[in-house]
Every structure is written in structure tokens, then in C-alpha cells.
Amino acid sequence: MKITAALLTARDAPRPYRETQPLAITELDLDPPGAGELLIRIDAAGLCHSDLSVINGDRPRPLPMALGHEATGIVEGLGSAEPGFAVGDRVVLSFLPQCGGCTHCLSGEAYLCARGAASNGAGLMLSGGCRLHHGGTDVHHHLGVSAFATHAVVDRRSAVKVPTDMPPEIAALFGCAVLTGVGALLNTGNLRCGESVAIVGLGGVGLSAVLGAVAAGANPVIAIDPVADKRALALDMGASHAVTPEEAAGCVAANASGGADLVLETVGKASVLEAAYALGRRGSRIVTVGLPHPDDRMALSPVSLVGEGKSLIGSYMGSAVPMRDIPRYIALWQAGRLPVEKLLTGTGPLSRINEMMDELAEGRAVRQVVLPSEKQR
Numbered sequence: 001m002k003i004t005a006a007l008l009t010a011r012d013a014p015r016p017y018r019e020t021q022p023l024a025i026t027e028l029d030l031d032p033p034g035a036g037e038l039l040i041r042i043d044a045a046g047l048c049h050s051d052l053s054v055i056n057g058d059r060p061r062p063l064p065m066a067l068g069h070e071a072t073g074i075v076e077g078l079g080s081a082e083p084g085f086a087v088g089d090r091v092v093l094s095f096l097p098q099c100g101g102c103t104h105c106l107s108g109e110a111y112l113c114a115r116g117a118a119s120n121g122a123g124l125m126l127s128g129g130c131r132l133h134h135g136g137t138d139v140h141h142h143l144g145v146s147a148f149a150t151h152a153v154v155d156r157r158s159a160v161k162v163p164t165d166m167p168p169e170i171a172a173l174f175g176c177a178v179l180t181g182v183g184a185l186l187n188t189g190n191l192r193c194g195e196s197v198a199i200v201g202l203g204g205v206g207l208s209a210v211l212g213a214v215a216a217g218a219n220p221v222i223a224i225d226p227v228a229d230k231r232a233l234a235l236d237m238g239a240s241h242a243v244t245p246e247e248a249a250g251c252v253a254a255n256a257s258g259g260a261d262l263v264l265e266t267v268g269k270a271s272v273l274e275a276a277y278a279l280g281r282r283g284s285r286i287v288t289v290g291l292p293h294p295d296d297r298m299a300l301s302p303v304s305l306v307g308e309g310k311s312l313i314g315s316y317m318g319s320a321v322p323m324r325d326i327p328r329y330i331a332l333w334q335a336g337r338l339p340v341e342k343l344l345t346g347t348g349p350l351s352r353i354n355e356m357m358d359e360l361a362e363g364r365a366v367r368q369v370v371l372p373s374e375k376q377r
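Residue 287 in full-length UniProt numbering sits at position 287 of the sequence shown, with consecutive numbering throughout.
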């Protein structure tokens, strides 16, 4: 079938993207779903720094590639009989398909699935190959999803069924921002009620973490970002303090005895991670979800890991099991305890995606959502 999608054919385009147009809104050919795959009509797809990092070259991926990985849509076709899925279901898409048979999947660490990571790195479907084509050339899939499009074919293990009546622009956010930010605290960091938390970086993931920390009863919740509007939003979400990076050490020292129990770094820069590490108390857990450039390096005195009993922990996808965690987080949202709608900066059609990427790169947006079916203008 013919679909419309945002196609990246070259990386490192200079900004502003509204002028250089690195993402071309293009007609692509989409194969029908194969065995174990679903055809999804994409209703909403969030813009994330992981998309931006492919455009600017921080996260090299094979090209050409149809971008987008945080999304929701409606099942329109099944490649084979799939228990639990039917035409008309609403699903949230997960950006790491999980094979279910590797050591990590069998050990309860499906977010580290080796086969899923390999297929994502190669820009292929979990079962192999590409379902997207342009002028006879294969188009790579972004994290098994490629959601900046009117339709997508995904592995059934990339889809989680959710309530049909959820607003699409809200449902989409559970596929990455909420899954990663809340999961990094609850799953990776093992946050306990009453512990002190410092969150460094207030993009979609960081602000999702603020929501998760408040919902879990952390105290105090210290939010750190150079952008005043994001700090104000963190306070509106329930953070007890919101400060600039320059004020962070003083604020943590004044409000968390000996340093924070748990520190979450979301920026993806080695220098920021070094500063975040210093905010933790003796015996603290420092969790990082940021994805720095592969060449970035940090300086860390390893004696502090033993002498201070600190733990530095990487968290991919919030150490999540999407089939378990997405329904849990949606239940918290339904109960009013996780007001994810506060993350939403705005929506727009595919035709505005390059302009929206500028707003993301400039730090002016938290979570923007593309509505692919919205009339192009």
C-alpha cells in the first residue's frame, strides 16, 4: 500500500531544519504484514531526542530511514492470527521488539533483548528485512516502528493493547517518555517512598520522571534544568524544588541530607553525568538514561564507587517490560496520579515536522506530537 512518511536520507543537516528540511514528507510503499506482524494506522507520534539524535548524527543509523518511535494507532490488519489482537484495537508501540527467547528475555530483562537490539541497530524488522520501500530501494525502520507516517507494519511484540478511548496524543507518550522516565526511577532505581530524588534534565523523559517521583512519594523532588519554563512546569507537576544546574549542588545540600538518595540524569552528555554523580549521597544510586554521542567520555574517580558505596546504573527503556508497565502507568494516569497530559507542548501535521524538530533542538518544547492523519498544510 502507499503511505506518507517522514524520510531521512542524509544526516548532519545544519539547522534551522525548517530551512534545510532533513525530513522529507514522501510517499513510500509499505508491504502487508507478515506472520507475527500488525498493520497499524498511526494516530499520533511523539517527537523525542532519540529521533533528533539520528538527524544530527549523534546516534548513527543506516539510511534511508523512516523516523519515529513513540506512537499509538489502531490495528487495521494482522499478518496471522494473533492472540490478544484484533482489527480495531488501540495499541501503544514499544521501540524495542522483544524476541522472548534470548537469555535476557528469559531472565526478565527483555529491555536488553539481544535480537531486538541487533534488529534495531540494523534498521530491520525483528523477523528480518524491511517492509518499507522508496523507488525500489529498501527504507530502514526506526527502532522497529517508523511512526512518523500514516501507517506502519510492526512486530506484534512491539505493540501493547490499551483502552480504545484514550486520546491518541496522550496514549502516544506512554511508548517512550513515560515508559523511560517513570521506569528509570521505579524499575532501575528502585525508588522507595520518602527517598530524596534529583532529576537532571527536564525534557519529556525528565519531566515524566518528575511525575513518577511525585506519584511514588519521593521527598524532596529536586528538578534541574537551565530553561525557566521547564522548571516552572516541574513545580506545577509537584516537584518541591526546581533550580538551574549552577544552583543544583547548593539546593541538594540544603534539602537532602548528605546528597540525594537517587539521582537521574537524562541529558546525554558526559559532563552532565559527572555533575549528576556528584549530587548523590554516600550509598546513592545514580541512574542515567541519556544517550551521549558514542565518542563522548567522562572522568570519574573509581574509588568513589567503593569508598562511597555509590552505584552508577544505566537504564535502557526504563528497564521496562512494556506489556507489564504500560498498563500500570496508564492505570495511574486514569486514577489522576500520573498527569501525563502536562507533558504535551503541542500537536501538528507531518508537514510541520522539521519546524517541530527545531523547537525540540532549541529546548522550547517538552513533548510535541505529530498527528499523521491531520490535513497537511
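Using N, Cα and C, we set each Cβ at its ideal position, and we do this for glycine too. All values derive from a computational prediction rather than experimental measurement.
Rounding to the nearest angstrom, what Cα-Cα distance links VAL92 and ALA171 in this structure?
One Cα belongs to VAL92, the other to ALA171, and the distance between them is close to 7 Å.
Apart from the five residues just before and just after ILE3, which ones in its own chain have a Cβ nearer than 6 Å to its Cβ?
Here the set comprises LEU28, LEU30, ALA149, THR150 and HIS151.
Reference ALA253; option with closest CA among ALA242, GLN21, LEU279 and ALA209
With distances taken between Cα atoms, ALA253 lies closest to LEU279.
If I follow the unbroken beta strand (DSSP E) through VAL340, where does it start and stop?
Annotation for VAL340: no beta strand (DSSP E) segment contains it, and DSSP assigns it neither H nor E.
Using the rule of at least 16 other Cβ atoms within 10 Å of the residue's Cβ for burial, across every protein chain shown, is HIS133 buried or exposed?
It is exposed - the Cβ of HIS133 has fewer than 16 other Cβ atoms within 10 Å.
For ARG192, count the other beta carbons within 10 Å of its own beta carbon; 16 or more makes it buried, fewer makes it exposed. Which is it?
Exposed, by the Cβ-count rule.
So the candidates are GLU308, TYR111, GLU362 and GLU37; which of them puts its Cα closest to the Cα of MET323?
Closest by alpha carbon: TYR111.
Residues of its chain near residue 403, where Cβ-Cβ distance is below 6 Å and the 5 sequence neighbours each way are ignored:
Beyond the ends of the chain as shown, which are 1 and 377, falls residue 403; an answer cannot be given.
Note down, in chain order, each residue of its chain lying with its Cβ closer than 8 Å to the Cβ of LEU338, except the 5 sequence neighbours on either side.
Closer than 8 Å at Cβ, skipping near neighbours: VAL178, VAL182, LEU211, GLY212, ALA215, TYR329 and LEU332.
Residues sharing a beta bridge with GLN98, DSSP
Looking at the DSSP assignment, GLN98 forms no beta bridge with any residue, so it has no partner.
Contacting residues, own chain, Cβ-Cβ under 6 Å from GLY73 (five flanking each side not counted):
The residues are ILE40, ARG41, ILE42 and ASP43.
Just confirm the distance between the C-beta atoms of SER271 and GLY175, as a whole number of angstroms; I'd bet it's less than 8 Å.
Not a contact, Cβ separation roughly 29 Å.
Run of the beta strand (DSSP E) containing LEU279, from where it starts to where it stops
According to the DSSP assignment, LEU279 belongs to no beta strand (DSSP E), since it is labelled neither H nor E.
For the segment 51-59 against the segment 124-132, do three or more pairs of beta-carbon atoms, one drawn from each stretch, fall closer than 8 Å, so that the two count as touching?
Proximity of the segment 51-59 to the segment 124-132 falls short of the contact definition, fewer than three beta-carbon pairs being nearer than 8 Å.
Please state if the CB of GLU308 and the CB of ASP261 are separated by a distance shorter than 8 Å.
Not closer than 8 Å, so no.
Taking only three categories from DSSP, how would you classify MET65?
Note: MET65 maps to strand in three-state DSSP.
Coil, strand or helix - GLN334 by DSSP:
Reduced to three states, the DSSP call for GLN334 is helix.
Buried/exposed call for ASP325, threshold 16 Cβ in 10 Å
By the 10 Å Cβ count, ASP325 comes out buried.
Can you tell me which of LEU7, GLY77, ALA35 and GLU362 puts its alpha carbon nearest to the alpha carbon of VAL54?
Nearest neighbour of VAL54 by Cα position, chosen from LEU7, GLY77, ALA35 and GLU362, turns out to be LEU7.
How far does the alpha helix (DSSP H) with HIS133 in it reach, from first residue to last?
Run containing HIS133: none in the alpha helix (DSSP H); it sits in the beta strand (DSSP E), 132-134.
Nearest-angstrom Cα distance between ARG15 and ALA275?
For the pair ARG15 and ALA275, the Cα-to-Cα distance works out to about 28 Å.
According to the neighbour-count rule (16 or more other Cβ atoms, all chains shown, within 10 Å of its Cβ), is MET317 buried or exposed?
With 16 or more other Cβ atoms within 10 Å, it is buried.
Comparing C-alpha positions only, which one of ASP165, VAL221 and HIS104 sits nearest to ASN255?
Ranked by how close their Cα comes to the Cα of ASN255, the residues ASP165, VAL221 and HIS104 have VAL221 in first place.
Taking THR288 as the reference, which of ALA242, GLU37 and THR266 has the closest Cα?
From the listed residues ALA242, GLU37 and THR266, the smallest Cα separation to THR288 is found for THR266.
Taking just the CA atoms, how far does PHE85 sit from LEU50?
Strictly speaking, residue 50 in this sequence is Ser, with Leu absent from that position. Rounded to the nearest angstrom, the two C-alpha atoms are 28 Å apart.
Taking the alpha-carbon positions, what's the ASP236 to ALA45 distance?
C-alpha separation (whole angstroms): 25 Å.
Using the Cβ count rule (16 or more neighbours within 10 Å means buried), how would you classify SER208?
Buried is the call here.
Assign LEU106 to buried or exposed, taking buried as 16 or more other Cβ atoms, counted over all protein chains shown, within 10 Å of its Cβ.
Around the beta carbon of LEU106, fewer than 16 other beta carbons sit within 10 angstroms, so the residue counts as exposed.
GLU65 burial status per 10 Å Cβ neighbour count (16 or more: buried):
For clarity, residue 65 is Met in the given sequence; the question names Glu instead. Buried: at least 16 other Cβ atoms inside 10 Å.
Terminal residues of the continuous beta strand (DSSP E) containing residue 429?
No answer is possible for residue 429: the residues shown for the chain start at 1 and end at 377.
C-beta atoms of ALA320 and ASN187 nearer than 8 Å
Less than 8 Å separates the beta-carbon of ALA320 from that of ASN187.
N-terminal and C-terminal residue of the beta strand (DSSP E) that ASP43 is part of
Run containing ASP43: 37-46, per the beta strand (DSSP E) assignment.
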